[in-house]
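Participant: Same order as they appear, the protein sequences are chains A and B.
The numbering of the first sequence is this note's numbering, which starts it at 1 and goes up by one.
The numbering of the second sequence is this note's numbering, which starts it at 1001 and goes up by one.
We put the beta carbon where it would ideally sit given N, CA and C, even for glycine.
Here it is, the structure in full.
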Amino acid sequence: MTKQAKQSANLLQGTLDMLVLRTLLYGPAHGHQIGKHIQRTTNEFLQMQHGSLYPALHRLEERGWVASKWETAPGGNREFKYYRLTEKGRKQLVVEESQWKQMSEAVARVMWPTPEES
Amino acid sequence: MKWWQFKKRNTDLDRELRSDLELEEEEQRENGVPANEARYAALRAFGNPTLIREQTHATWPWFWLESLARDLRLGLRALRRTPGFTVIAILVMALGIGANVALFTVVRGVLLKPLPFQDPDHLVMLYEWGLHKNDAPDFNVVAPGVYGEWKKQNRSFSDLALAKDSRVGLSGSGGQLPEKLYSALISWDLLRTLGVQPALGRDFTQSDDSPAANGTVLLSWGLWQRRFGGDRSILNQTIYLDAQPYTVIGIMPAWFDFPDPETQLWTAVYHDWPEEWMTSYNNHSFRVVGRLKPGVSAAQGVADLSLISLRIHNAHLGEPVIYRSANSRPMLDDIVGDIKKPLYILLDATCCLLLIACLNVANLLVARAAARRKELAIRAALGGGWLRLMRERLTESLLLSAAGGVLGLVLAAAALAWLQHTRADMSRVESIHIDAAVAAFTVGIIVLCALFSGLIAAFSGSDKSVLSALHEASRSVSGGNAGARLRKVLLTVEVGLTVILLMGAGLLLKSYERLRSADMGCITQNVLTMHLGIPDARYAKGAQRANFFDTLLERVRALPGVDAAGFVTAVPGQGYWGDWTFTIVEHPLLQQGTVPDAIFRWADPKYFNAMGIPILRGRTFDGGKRLDAADEVIVSQSLANQYFPGEDPIGKHLYVAFVHRTAEIGGVVGDTRYSIGEKPLPMMYFPLNAGEETVGTLVIRAGHDVEQYALPVQRIVAAMDSDLPVSDVLTMNQLLGKRTFDQSFNATLLTGFATLSLLLAAVGLFGVMTYIAAQRTTEIGIRIALGAKREDVMRKMLMDGMRPAVLGLVVGLAASLEAGRLMRDLLYEIRPLDPPVFAAVAAVLLASAAFACIIPAWRASRIDPMQALRNE
């Protein structure tokens, strides 16, 4: 893997963590649901394979930002591994959100300068 | 998560992936995808489950452990596939590591461990030196009189104590035979100075250590067990040493062996030796142990004692051998001084051996990497990380060296057991153990070897041109050149190291041979010697002593088959024993400080004949002159040459002040060496008939099988006095062999190491040649098909193989000049640069190299071109 590719992957990874945490704010969900949700909400813009979620989910769990439990899906007889946001994860989401905001504002300011300032 | 939950977590992940994938599949079906394609559609949307699993694993802690386990598994599998390679590599490593661990253990036990005494850093050994102002510092044993003044006047030492090795006869008792034992004469405070207590009973007190006290003795643990069955009731009982009664006051701990490993009992010196001797400033015979006061350095202590010595020296200018100064060295140096150098040289040799072993294994790994070039290239092409492949390689070499290390440790343990058995005489041999530090050293060596051989191999394969590797492998015209070049460099280094070892071994062997063939100045074949002494106390009168030896020699000579017999203080090769200063009555008094001095011996008239020492001038002692009438002396040729240059010594008189003896020179005899490996020194022989000497060596010469007289002679001794121990029954050859045991031991070990490394180098060369030949099969096939002569092919291959050998030989010879300088102290009458040894080493090496090359070269030249080309 080249160096450049690695950096963009890292950027993406951080973003993915944030998206997962934000999705879980609605309530517990299993991997498939989380993936589908992100895909749907971005109008299929983020064409990601669901599989790339699992390393992120396990990393988040390792850091204690999400917790998991096997539960039967409502209306079905199959068990899924449901992830739920922890208190620590909630705080982390706030941190990441504000970081992302700062970042996108900064990018926006460069890309689309307001007329008064120029 | 803990690592042992790994399995549980793994199944959990599998289940999670499976359930989500099934759901995706269901959804795809619901969206109208045909059932048979739904699974693939789901997989496309989901991604590669195996990859996902691996990526997820990587986020878990302890992931490295899992990957390590996998690397190990892979490594083991790869090694199992090539058992021949694996076994050879492990054996090579085991030899290298085993030799190093064994020698390190010895060096650590003997040289590095602190002495087992209290606060050993403050203990120093003290010596005297310097008769004249400009003498070079030296380490001479101390006269008890000087010790007495040191002890009284010094302000630097909290304790000063005496020790001297000696021998006493322990009388037979309770059905046990009398025996001669190594003992030590010590001052009462020696054990206190060292900070050692007897294991049982009590230490000496000051009152035990005087002529008026009753005799007291401390026994060694070994003697107590062996001779007295470990019975505690021996305490406070009386035993007889040289026919004098001694009360056993204590038993020393088993580990205590000062001043010598052989010491079996300790007696109080001021009790045993007459006061006249103990106040002498000339009678240099003791080792002195000092404990420095806190805050005082050894140099300050020595300066303090030197002042006292100089005062004594100046107050007795008329006396010949009173030293001017004191000297010191750490106690450890004194105890292990003579084995330090050989040990370090042997350690250097084993390091060379280990390096060679590593190079050899690296060589094998490079060959393996070259053989697996295609596999590795494919893996790299499929996305196998470079680091990952490298790590696999290192894991493989780590497995090899770890297995080698474990086996090596076993070898080392066996070698050490053998060493402790055969070298019980070595100082501190009892403190050699495999302990935690040695284990740590072993682990360190294993890692080092793994890194060394693994990295060389890994870098050899790190050639990133994947494509060219694949090309090369598909059309093997003259492939793997890079690997072959590296292997040749490794071989050159290996051969160089081997040459150094061979040179070292050659020098030591030749030096040993010189030593053994050194002319002792006497007959060494078919001569039997035995040590024997009569107790001064029981044989108090001169006449008793003279009669005893007369009768003994008469009876021995009467044994059928005995050609000659004699008695002397010490035979050639038995050691220095002692020297006396003398003056020549007929000569004017020499300047102060230039006093003649010679080794002395007491001998019976027929001793010279028995030992074949030629009488060059005059005659031997007159057997009829006995006791006070025996006033002759016989001198050696070097004494005559040195002190009577250009005049006839016969009829002149020597005066020995120490024993108040004036003697007329009756004859001049040939020189003998007091010690094998030392130059003959001036020697003077006094007549045994004077009835002074009581201990010495009986020599018996016979036409053949002289050993058979050991028993009859001992029977004669027992018949004369049943309480006399006879010891050290050795032929002259055995006696000299014992004295040169060190040299033969070192030479044998080094030769062993050198042979091993020669073997390794030859195997390495053979491997490389076979490999090159295999690589070039097609090329050679084409050449032969095009009309190349087979002899030319063979010559070319041979030259190719010999080049690293010749280069290594040159490098090794240059390096061994330096190594030879290091060994100079161990060599006897041979210079480090010995042309015959050089030539021999070069010949042996080139012959082995040629031998290793010739089979692959011959095989290459026999290649059938059709066969070779069809192999493609």
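What runs of the alpha helix (DSSP H), each 4 residues or longer, lie entirely inside the region 1273 to 1307 of chain B?
Facilitator: 1275 to 1278
Participant: Return the Cβ separation of residue 1290 (chain B) and residue 1245 (chain B) in integer angstroms, given the expectation that the two are a contact with Cβ distance under 8 Å.
Facilitator: Not quite, the Cβ-Cβ distance comes to about 33 Å (not below 8 Å), so this is no contact.
Participant: Per DSSP, which one or two residues make a beta bridge with residue 1330 (chain B)?
Facilitator: B:1124
Participant: Just grab the DSSP bridge partners of residue 1669 (chain B) for me.
Facilitator: B:1615, B:1636
Participant: Would you decide whether residue 1283 (chain B) is buried or exposed? Buried here means 16 or more other CB atoms lie within 10 Å of its CB.
Facilitator: buried
Participant: When the Cα atoms are used, what is the spatial distance from residue 71 (chain A) to residue 83 (chain A)?
Facilitator: 10 Å
Participant: Quick check on the DSSP output: the beta strand (DSSP E) that includes residue 1693 (chain B) runs from which residue to which?
Facilitator: First-last for residue 1693 (chain B): undefined, no H or E at that position.
Participant: If you drop the 5 nearest sequence neighbours on each side, which residues of the same chain put their C-beta closer than 7 Å to that of residue 1103 (chain B)?
Facilitator: 1346, 1347, 1350
Participant: Buried or exposed: where does residue 51 (chain A) fall if 16 or more other Cβ atoms within 10 Å of its Cβ makes it buried?
Facilitator: buried
Participant: Under 7 Å between C-beta atoms, does residue 1016 (chain B) make it to chain A?
Facilitator: yes
Participant: Determine which residues of the region 71 to 86 of chain A have a Cβ less than 8 Å from any Cβ of chain B, and write them out in chain order.
Facilitator: 78, 79, 80, 81
Participant: Report the partner residues of residue 1208 (chain B) according to the DSSP bridge assignment.
Facilitator: None, per the DSSP bridge assignment.
Participant: For the region 57 to 70 of chain A, which residues have a beta carbon sitting closer than 7 Å to at least one beta carbon of chain B?
Facilitator: 58, 59, 62
Participant: What alpha helix (DSSP H) runs, 4 residues minimum, are completely inside the region 1688 to 1748 of chain B?
Facilitator: 1710 to 1720, 1732 to 1739
Participant: When you compare only the Cα positions, how much space is there between residue 1020 (chain B) and residue 1026 (chain B)?
Facilitator: When rounded, the distance between both Cα atoms is 10 Å.
Participant: Strictly under 7 Å for the Cβ-Cβ distance: is residue 1052 (chain B) near chain A by that measure?
Facilitator: At least one chain A Cβ lies under 7 Å of residue 1052 (chain B).
Participant: Does the distance from the CB of residue 1360 (chain B) to the CB of residue 1760 (chain B) come in under 7 Å?
Facilitator: yes
Participant: Starting from residue 1865 (chain B), follow the beta strand (DSSP E) in both directions and report where the run begins and ends.
Facilitator: Residue 1865 (chain B) -> not in any beta strand (DSSP E); alpha helix (DSSP H) instead, spanning 1865 to 1870.
Participant: Going by beta-carbon coordinates alone, are residue 1689 (chain B) and residue 1603 (chain B) separated by less than 7 Å?
Facilitator: no
Participant: Just tell me which of B:1409, B:1167, B:1457 has its CA closest to the CA of residue 1436 (chain B).
Facilitator: B:1409
Participant: With distances taken Cα to Cα, identify the nearest neighbour of residue 1357 (chain B) among B:1579, B:1018, B:1098, B:1632.
Facilitator: B:1098
Participant: Quick one: what does DSSP say residue 1173 (chain B) is sitting in, helix, strand or coil?
Facilitator: coil
Participant: Would residue 1626 (chain B) and residue 1518 (chain B) be called neighbours here (beta carbons separated by less than 7 Å)?
Facilitator: no
Participant: Distance cutoff 7 Å, beta carbons only. Does residue 1007 (chain B) sit that close to anything in chain A?
Facilitator: Residue-level contact by beta carbon fails for residue 1007 (chain B) and chain A, as no gap is shorter than 7 Å.
Participant: Please classify residue 1917 (chain B) as buried or exposed, where buried requires at least 16 other C-beta atoms within 10 Å of its C-beta.
Facilitator: Absent from the model: residue 1917 (chain B). The displayed extent of chain B is 1001 to 1872, so no value can be given.
Participant: Between which two residues does the alpha helix (DSSP H) holding residue 37 (chain A) run?
Facilitator: 31 to 41
Participant: Just checking: is the beta-carbon of residue 27 (chain A) within a distance shorter than 7 Å of some beta-carbon in chain B?
Facilitator: No, residue 27 (chain A) does not count as interfacial toward chain B.
Participant: If we require 3 or more residues per run, which beta strand (DSSP E) segments fall completely within the region 1532 to 1619 of chain B?
Facilitator: 1562 to 1568, 1579 to 1581, 1597 to 1603, 1615 to 1618
Participant: In chain order, what residues of the same chain have a beta carbon less than 8 Å from the beta carbon of residue 1500 (chain B), not counting five sequence neighbours either side?
Facilitator: 1352, 1812, 1815, 1816, 1819
Participant: Mind listing the chain A neighbours of residue 1864 (chain B)? Cutoff is C-beta to C-beta under 9 Å, in chain order.
Facilitator: The premise fails here: residue 1864 (chain B) is roughly 49 Å from chain A at the closest Cβ pair, so nothing lies under 9 Å.
Participant: Between which two residues does the beta strand (DSSP E) holding residue 1040 (chain B) run?
Facilitator: Residue 1040 (chain B) -> not in any beta strand (DSSP E); alpha helix (DSSP H) instead, spanning 1035 to 1046.
Participant: Using DSSP with H/G/I as helix, E/B as strand and the rest coil, what is residue 55 (chain A)?
Facilitator: helix
Participant: Does any C-beta atom of chain A lie closer than 7 Å to the C-beta of residue 1055 (chain B)?
Facilitator: Closer than 7 Å to some Cβ of chain A, the Cβ of residue 1055 (chain B) qualifies, so yes.
Participant: Distance, Cα to Cα, residue 111 (chain A) vs residue 1053 (chain B)?
Facilitator: 39 Å
Participant: With residue 1148 (chain B) and residue 1354 (chain B) assumed to form a contact (beta carbons below 8 Å), what rounded beta-carbon distance in angstroms separates them?
Facilitator: Between residue 1354 (chain B) and residue 1148 (chain B) the Cβ distance is about 52 Å, and since that is not below 8 Å, they are no contact.
Participant: Provide the residue(s) that pair with residue 1654 (chain B) in DSSP beta bridges, ordered along the chain.
Facilitator: B:1584, B:1663
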